[in-house]
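Structure first, then comments.
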Amino acid sequence: MTKPGSTFESALGWPFNSPSLLVEALTHSTYANENTDAGPPNERLEFLGDAVLNLLAAELLYARFPEHAEGRLTRQRATVVCLDALADMAEALELGAQMRVGGKGEVNRSMLADTFEAVAGAVFLDGGFDAVRICFSGVMNQAIDGAAETIDFKTRLQESCHSKGARAPVYEVVSISGPDHARRFTCTVSIAGEQLGRAEASSKKAAEQTCAKLAFEAMSK
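End of the sequence shown sits at 644 in this note's numbering; the numbers just go up one at a time, nothing left out.
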C-alpha cells in the first residue's frame, strides 16, 4: 500500500498530523522483523494505548452509571477492555485490512486487539485525549452496551441455577470458522449435561451471551 493506514484514517475519523505514528501503530513485530526499512513495531504504542483505553472506558462508565459502586465499575471496565472486546472494536473499524503483518499476513484476534491498543496510543500522541474520545467513544460505548447485556444474562443464568439447586452452567466453543479477520464462534451452554443453548457470533463472548439468554429463557418457562 502506498500510504499504510490512509483508508483507516477515514474510518477512524482522525486525519493524523504525524502519519508516521499511524504507520508505526499498524506495524506488527513480524513485519518489522522481515523488513529492515519498516520502522519500529507497534509494541510501545500498544503499551501506551492500553492505558489510554482503560482511561476512556473508566470515563465513559463513570458518566453512564452514576449508581454503580467502584467494584462494579472495575468489573465492567475489565470486560470492556478485554482481548475479545478490543478485537471486536478493531473488526468494527476494519482494522485488520490495514495492518502490516509478516509471514503469510494472517491476523488473529490477539493481534487485532494489540494493534487496536497501538492505534489508540498513536491517536493520543497525535491529538491528545480529546482525539481519543472522538475516535473511540462510539465503539467503546457499543462495547459497554454489549458487556452490560453479557453480564446481565450470564449472571441471571448463574443465579437461576443456584436458586433451583442446579449445577453451574458449562459453556463450550464447539467450532470456529471463517478467516482470521472475520472469525465466527459457535458456542453451547449445558446444565447438568443438558444443552440449553447454542449460538454463533463474531466473538466467543457474544456467542456465550446469546447462549446464556436462551438457557435462561428455557429455565424460566
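Backbone N, C-alpha and C define an ideal beta-carbon position, used for all residues, glycine too.
Bounding residues of the alpha helix (DSSP H) (the contiguous stretch that carries residue i)
i    : result
S443 : 442 to 448
T609 : Segment 607 to 614 is the beta strand (DSSP E) holding T609; no alpha helix (DSSP H) there.
S643 : 627 to 643
R523 : Where R523 is concerned, there is no enclosing alpha helix (DSSP H), given that its DSSP letter is neither H nor E.
E514 : 506 to 515
D473 : 466 to 487
A455 : 452 to 457
Residue i beta carbon near the ligand NAD (any heavy atom closer than 7 angstroms)
i    : result
L496 : Absence of the ligand NAD from the depicted structure is noted, as is the absence of any ligand whatsoever, leaving it without description.
Nonlocal neighbours in the same chain, by C-beta distance under 8 angstroms from residue i, ignoring five residues either side
i    : result
M563 : L476, L479, A480, L483, V503, M512
L637 : V612, L619, G620, R621, A622
A367 : Look at the range of the chain in this structure, 424 to 644, and you will see that residue 367 is not part of it.
T453 : V524, G525, G526
P463 : E447, T450, A455
CB contact below 8 angstroms: residue i versus chain D
i    : result
N465 : Absence of chain D from the displayed structure is noted, only one protein chain being present.
Cβ neighbours of residue i in the same chain (closer than 7 angstroms, five flanking residues each side left out)
i    : result
S598 : T609
F539 : L509, M512, A513, L518
A615 : A589, R590
L535 : A510, A513, E514, L518, G519
V555 : V475, L479, A543, V546, F547
Under the three-state DSSP convention, the category residue i falls into
i    : result
T425 : Reliability of the predicted coordinates at T425 is poor, the pLDDT of 39 falling under 50, and the value obtained from them is presented with this limitation in mind. T425: coil per DSSP, three-state reduction.
R621 : strand
D603 : helix
N531 : coil
E490 : coil
A461 : coil
R498 : helix
A589 : coil
L580 : helix
G561 : helix
F439 : coil
L548 : helix
Buried or exposed (CB count within 10 angstroms, at least 16 for buried), residue i
i    : result
V596 : exposed
T633 : buried
M424 : With a pLDDT of only 39 at M424, under the threshold of 50, the placement of this residue in the model should not be trusted; the figure read from the coordinates follows. Its Cβ having fewer than 16 others within 10 Å, M424 is exposed.
A470 : Inspection of the sequence shows that residue 470 is occupied by Phe rather than by Ala. F470 comes out exposed.
F547 : buried
D568 : exposed
H585 : exposed
E490 : exposed
T430 : exposed
T450 : buried
N440 : exposed
F576 : buried
Closest residue to residue i among the options (Cα-Cα distance)
i    : options                : result
L496 : L506, C505, Y485       : Y485
N650 : P489, F576, A510, G472 : This structure does not reach residue 650, given that the chain is present from 424 up to 644, and the question cannot be answered.
L516 : S433, S613, G620       : S433
R500 : G519, A474, V524, A541 : A474
D537 : N458, A461, L468       : L468
V593 : L580, A605, G601       : L580
L444 : Q521, V542, G494, A492 : V542
P438 : K587, A629, D549       : D549
Spatial neighbours of residue i in its chain, beta-carbon cut-off 6 angstroms, leaving aside the 5 residues before and after
i    : result
M642 : S583
A508 : A566
S625 : none
A461 : T450, Y454, A455
Span of the beta strand (DSSP E), counted from its first residue to its last, around residue i
i    : result
V597 : 593 to 600
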